[in-house]
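Just so we're aligned, residue 1 is where the sequence shown starts under full-length UniProt numbering, counting upward by one. Written out below as structure tokens is the structure these notes cover.
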Amino acid sequence: MQHRSVNDVTTREVVTARPDTPSKEVAGLFHRNDITAIPVVAVHHTLDWIEDDTEQHLEHPRAYRAAT
1 MQHRSVNDVT TREVVTARPD TPSKEVAGLF HRNDITAIPV VAVHHTLDWI EDDTEQHLEH
61 PRAYRAAT
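Okay, structure coming up:
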């Protein structure tokens, strides 16, 4: 088994959303970036919460398809 560091498996280009980002836009971010979670950050770059794609996919299924 090869041991890898956190740096080996993380990305430097983090996709984020703001608390006022429209829900439909967030759904598109999930799909376009092939990710399942997005950090929601405030104006001062503080983490408010992490949004996962479960509810977004159910609420905006067309946004996932339209983003392709």
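Beta carbons are placed, not taken as given, at the ideal position from N, Cα and C, and that holds for glycine.
*DSSP beta-bridge partners of alanine 37*: Position 37 of the sequence shown, counted from the first residue, corresponds to residue 37. As a beta-bridge residue in DSSP terms, alanine 37 pairs with Asp52.
*When the Cα atoms are used, what is the spatial distance from isoleucine 38 to proline 22?*
Here residue 38 refers to the residue found at position 38 when the sequence shown is read from its first residue. Here residue 22 refers to the residue found at position 22 when the sequence shown is read from its first residue. Whole-angstrom Cα-Cα distance: 13 Å.
_Backbone CA spacing between aspartate 48 and histidine 3 [nearest angstrom]_ = Taking the first residue of the sequence shown as 1, we reach residue 48 at position 48. Taking the first residue of the sequence shown as 1, we reach residue 3 at position 3. Distance between the alpha carbons of aspartate 48 and histidine 3: 32 Å.
*Between which two residues does the alpha helix (DSSP H) harbouring aspartate 20 extend?*
Position 20 of the sequence shown, counting from 1, holds the residue named residue 20. Per DSSP, aspartate 20 lies in no alpha helix (DSSP H) segment and is marked neither H nor E.
*asked:* With H, G and I counted as helix, E and B as strand and the rest as coil, what does DSSP make of valine 6?
replied: Numbered from 1 along the sequence shown, position 6 holds the residue referred to as residue 6. DSSP places valine 6 in helix when its eight states are reduced to three.
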